[in-house]
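Working notes for the structure below.
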Amino acid sequence: DTDWQDLDTRTGFQQNHNLSLSGANDQTNYYVSFGYTDLKGILLGNDQRKYQMRFKLEQKALDIVTVGVNANISHVTNNGLNTGTNALSGNIANALRALPNVPAKWNDGTYNLSPTNTLGAGANGTVIADNYPNILYVLDHNIYRNKNLNVTGNAFVNVEIIKGLNLKTQIGINLLNGEDYQYWNPIHGDGRGNNGYLFQQAIPYFRYNWTNTLSYNKQLGDHNINAVAGLEFQKTRDRFYRAEGNNITSSFFGENGNIITNSVATPSIGGGVSEGAFRSYFIRASYAYKDRYIVSGTFRRDALSSLAPGNQNANFPGVSAGWRISQENFFKNAEGLSFISNLKLRGGYATVGNVDIGYYPYAGTFKPVQYGSTLGLAFNQLANPNLSFETSKKYNIGLDLGLLEDRINITADLFKNDIDGMIMEAPIAPSLGVPGNSKPNVYFLNAGKMYNKGFELSINSTNISNDKFTWTTSFNVTFLKNEVTQLANGNADLISPYNITRVGERIGEFYGYVSRGVNPANGNPLWEKADGSVIQGDYSKKSGWFKYDPSKPDDVSQAAEALGQNDKRLLGHSMPTYYGGLNNTVTYKGFDLNVFFSFSGGNKVYNVTRQEALNNQKFMNNGKEILNRWTTPGQVTDVPKLYNGSDGFVLQTGNVNSRFLEDGAFIRAQNIGIGYTFPKRLIESIRLSNIRVYAQVQNAFVITKYTGVDPELNASLSSSTVNTQPGLDYNTNPVPRSYTLGVNIGL
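Take this note's numbering: the last position of the sequence shown gets the number 748, and nothing is skipped along the way.
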């Protein structure tokens with residue numbers, strides 16, 4: 002009766018307290034706040050403590066000069082745990098597989114450990130398969146900790162040269178002093194094999210940003226002119242240095258939270274430094290006539306140090322225009338259109354460059370190496386001096402519509418984003434000989450193209466509004482299509498065990514085998530070949546493959562070609578094709594109620610957790626689906642007969658198959674909140690300006706057909722996802738349901 006998932010999780014308690022003070026007069030305004038946050042997550046060993054201070058001050062001088070400073074200082078301590086999806090000490094992977102008929106601790110408080118560094122067998126005749134440890138011991142003794150002291154801020158001077166013409170210079174910084182610490186106890190779990198492990202690293206980071214702008218804003222009768230020209234510089238310095246080692250002298254030196262001289266027998270050190278810079282000249286201008294005709298244009302010339310000299314600069318123009326038709330006399334005077342209070346057409350085009358491409362992807366670099374006692378240099382990365390900006394061309398056309406004196410507002414947009422010159426890792430022929438390349442057998446080049454296009458719709462309505470009762474609704478939905486139009490190496494497919502990226506298809510499509518169920522005559526799994534024929538796999542015949550004839554299901558005499566890479570098919574989208582939300586807010590006197598739903602769909606989720614929970618009778622816990630396994634001739638089921646240790650053959654683990662690919666659509670009650678604001682007459686006597694109490698629940702429930710923990714997985718359609726494996730639920734940690742009680746007090 003040991004519920005390992007219950008031991009692995011808890012009801013998290015979170016508290017957040019803030020105090021802010023502010024004031025202003027004609028010359029000065031200030032704001033200062035202090036905050037304290039203590040978060041204990043739903044996972045045992047996962048918590049955060051945060052102290053924060055914010056300060057803002059603005060001062061006018063000589064009526065034309067304004068100076069200001071804005072600073073934010075925070076100190077955060079994060080304690081985590083091993084969340085590795087396939088790690089023996091991964092919190093979810095372990096809890097799903099641990100034996101339910103042995104305790105985590107004995108009655109005397111000692112941990113249930115076996116002599117071979119696994120979960121103790123208890124009364125069982127053998128220990129758990131695959132060497133899973135006692136996760137409770139690991140959670141209680143191992144340390145995964147991060148500390149950050151973060152200082153962000155900016156200071157500015159603004160000079161009004163003449164009325165409407167302002168010169169502003171602003172400098173901002175981000176200073177992060179971070180530290181990671183990891184300790185594996187030598188007694189049991191990850192650290193047992195090497196008698197303990199210590200790791201500590203410092204990760205100082207500094208970035209500054211200097212922006213200078215000249216802005217002009219002028220109203221000339223019915224004409225409004227606005228223009229901004231500027232110059233921006235940014236530089237980043239990113240460093241780390243670390244020490245680590247195995248074979249700890251004593252567990253005391255790991256539990257104290259800092260690496261100690263001579264506490265490990267096999268120490269090693271390391272470190273690195275990277276720098277990057279960015280420069281931009283830009284200008285923006287807009288013109289509006291009677292708020293009826295609106296046109297604006299932008300132009301940027303950006304330079305990026307991550308690109309090769311000669312290719313570091315690129316120009317990025319943009320233009321947009323709008324026509325408020327409802328301001329035209331012919332529209333105002335038209336019969337039958339009085340219910341339309343606002344009608345505006347707009348459109349735009351812009352090009353944008355991707356600056357998040359790493360520090361030195363273009364460079365041919367060397368690295369220091371050591372061979373015995375000899376020091377030297379070795380090749381590190383293949384150069385591509387032709388690497389250039391990855392750009393996006395963005396188009397949109399939209400409509401804004403207001404009805405019934407703007408009680409209903411509708412916004413609709415058609416958009417397209419063409420991404421060109423996607424920076425990808427292109428393969429290098431082994432015959433070229435690039436020893437020691439930091440990315441073995443690949444180099445970076447502008448090889449990819451893709452587009453995202455779709456339709457966005459939002460509707461905001463004031464359903465009821467009077468002195469005592471209001472009800473407002475907002476709804477939004479986005480439909481999205483993604484298609485890859487070019488890849489590296491002659492448009493060669495990018496294939497991972499679970500996904501494929503192919504020209505003419507979406508990024509990261511699921512790619513695997515088509516399951517045709519189970520042969521009821523013998524319990525063998527059935528699979529569909531590329532030519533449409535069906536074969537059966539029989540582990541009792543030494544992992545043999547045989548043709549399947551529905552008229553003679555018992556016949557396993559006709560050998561068939563085994564499942565291979567060519568039998569894999571496109572099985573579904575890993576990315577949603579639509580998503581959105583619905584929000585309702587109701588107020589009655591001092592009460593307020595908010596209900597927000599989010600939704601998503603059009604995609605599949607591959608349930609790796611479910612696939613691997615059918616462990617083919619290995620001695621560990623299984624998913625309850627195993628109770629439906631085939632056992633008797635004639636039995637109709639979707640779970641084939643099982644053989645000890647044969648999951649790779651029977652279930653095709655490590656590959657996608659249609660049996661475990663599930664619908665990822667869902668509707669989530671994202672937030673439900675209720676509050677009450679006390680009447681002014683009740684609180685004036687205690688010299689308070691406002692008191693509001695509230696309660697809310699986040700992630701209240703999810704409506705979905707998905708059988709796993711949660712169908713909502715993090716995914717995006719940026720070029721950086723090309724080589725990832727999206728849409729996998731692989732021992733995923735659960736999303737918490739949070740209940741919040743709070744009070745806001747104003748003095």
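Just so you know, even glycine gets a beta-carbon here, dropped at the ideal spot from N, CA and C.
Supposed contact pair residue j and residue i - C-beta distance, whole angstroms, cut 8 angstroms
i: Asp568; j: Lys605; result: Going by Cβ atoms, the distance from Asp568 to Lys605 rounds to 19 angstroms, so no, they are not a contact pair.
i: Asn186; j: Asn132; result: Not a contact, Cβ separation roughly 16 angstroms.
i: Asn617; j: Asn645; result: 6 angstroms
i: Thr463; j: Arg408; result: 5 angstroms
i: Gly354; j: Phe317; result: 6 angstroms
i: Gly384; j: Ala364; result: The question names Gly, but residue 384 is Ala in the sequence shown. Contact flag correct, Cβ pair sits at about 6 angstroms.
i: Val158; j: Val68; result: 5 angstroms
i: Val229; j: Val160; result: With 8 angstroms as the limit, Val229 and Val160 do not qualify as a contact, their Cβ atoms being about 15 angstroms apart.
i: His18; j: Leu114; result: Actually they are not in contact, since the Cβ atoms of His18 and Leu114 sit about 41 angstroms apart, beyond 8 angstroms.
Through-space distance from residue j to residue i, alpha-carbon basis
i: Ser721; j: Ile424; result: In this predicted model, Ser721 has a pLDDT of only 40, less than 50, meaning its place in the structure is not dependable; the value taken from the coordinates is given anyway. Their backbone Cα atoms lie some 9 angstroms apart in a straight line.
i: Thr250; j: Val265; result: 6 angstroms
i: Ile226; j: Phe283; result: 17 angstroms
i: Phe470; j: Arg682; result: 20 angstroms
i: Phe445; j: Ala156; result: 38 angstroms
i: Leu527; j: Ile398; result: 50 angstroms
i: Leu448; j: Ala493; result: Reading off the sequence shown, one finds Ala at residue 448, where the question assumed Leu. Taking the straight line from one Cα to the other gives about 11 angstroms.
i: Pro498; j: Glu663; result: 17 angstroms
i: Ile420; j: Glu391; result: 7 angstroms
i: Ile295; j: Ile326; result: 11 angstroms
i: Trp5; j: Arg98; result: 9 angstroms
i: Ile174; j: Glu59; result: 18 angstroms
i: Ser719; j: Ala244; result: Note on Ser719: pLDDT 41, under 50, position unreliable in the model; the coordinate value appears next. Going by the C-alpha atoms only, they are around 35 angstroms apart.
i: Ala716; j: Leu729; result: For Ala716, the pLDDT reaches just 43, beneath the cut-off of 50, and the residue's location in the model is therefore unreliable, although a value from the coordinates is still provided. Their backbone Cα atoms lie some 10 angstroms apart in a straight line.
i: Phe598; j: Ala670; result: 5 angstroms
i: Val77; j: Pro268; result: 28 angstroms
i: Gly372; j: Gly491; result: Correcting the residue type first, residue 372 is Tyr in the shown sequence and not Gly. Each residue's alpha carbon lies about 39 angstroms from the other.
i: Gly581; j: Asn595; result: 17 angstroms
i: Val535; j: Val651; result: 15 angstroms
i: Asp7; j: Asp711; result: 18 angstroms
i: Ser739; j: Asn700; result: 7 angstroms
i: Thr708; j: Gln636; result: 24 angstroms
i: Tyr361; j: Tyr589; result: 58 angstroms
i: Gly277; j: Asp532; result: 52 angstroms
i: Lys164; j: Gly403; result: 35 angstroms
i: Pro737; j: Lys553; result: 51 angstroms
i: Gly85; j: Gly91; result: 5 angstroms
Range of the contiguous alpha helix (DSSP H) that encloses residue i
i: Val609; result: 609-613
i: Leu140; result: 136-142
i: Val515; result: Unbroken run through Val515 is the beta strand (DSSP E), 510-519; no alpha helix (DSSP H).
i: Gln6; result: 5-9
i: Asn490; result: 489-492
Beta-bridge pairing of residue i - partner residues as DSSP gives them
i: Gln28; result: Paired residue(s): none; Gln28 is not in a bridge.
i: Pro187; result: Paired residue(s): none; Pro187 is not in a bridge.
i: Ile398; result: Gly348, Leu415
i: Gly538; result: Trp546
i: Glu391; result: Asn355
i: Gln235; result: Asn210, Phe279
i: Gln220; result: Asn225
i: Gly298; result: Ala286, Val320
i: Thr586; result: Thr473, Asn595
i: Ala203; result: Glu180, Tyr242
i: Asp730; result: Asn608
Boundaries of the beta strand (DSSP E) in which residue i is found, first to last residue
i: Lys681; result: Here Lys681 belongs to no beta strand (DSSP E); instead the alpha helix (DSSP H) covers 681-684.
i: Arg98; result: No beta strand (DSSP E) holds Arg98; the alpha helix (DSSP H) holding it covers 92-98.
i: Phe380; result: 375-382
i: Gln60; result: 48-62
i: Gly69; result: 66-80
i: Val557; result: No beta strand (DSSP E) contains Val557, which DSSP labels as neither H nor E.
Chain B within 8 angstroms of residue i, Cβ atoms only
i: His142; result: In summary, chain B is missing from the structure at hand, where a single protein chain is found.
Can at least three beta-carbon pairs, one atom from the region 50-66 and one from the region 30-40, be found at a separation below 8 angstroms?
-> yes
Does the count of Cβ pairs from the region 227-244 and the region 206-214 closer than 8 angstroms reach three?
-> yes
Does the region 181-197 come close enough to the region 244-259 to have 3 or more Cβ pairs within less than 8 angstroms?
-> yes
Touching or not, the region 498-512 and the region 557-576, by the rule of three or more beta carbon pairs under 8 angstroms?
-> yes
Spell out a yes or no on whether the region 517-525 and the region 548-560 are touching, meaning 3 or more CB-CB pairs, one atom from each, closer than 8 angstroms.
-> yes
Any contact of the region 24-32 with the region 123-131, i.e. 3+ C-beta pairs under 8 angstroms?
-> no
Indicate whether the contact test is met: 3 or more Cβ pairs, each with one atom in the region 39-52 and one in the region 7-23, closer than 8 angstroms.
-> yes
Should the region 113-122 be regarded as contacting the region 85-104, the criterion being three or more beta carbon pairs within less than 8 angstroms?
-> yes
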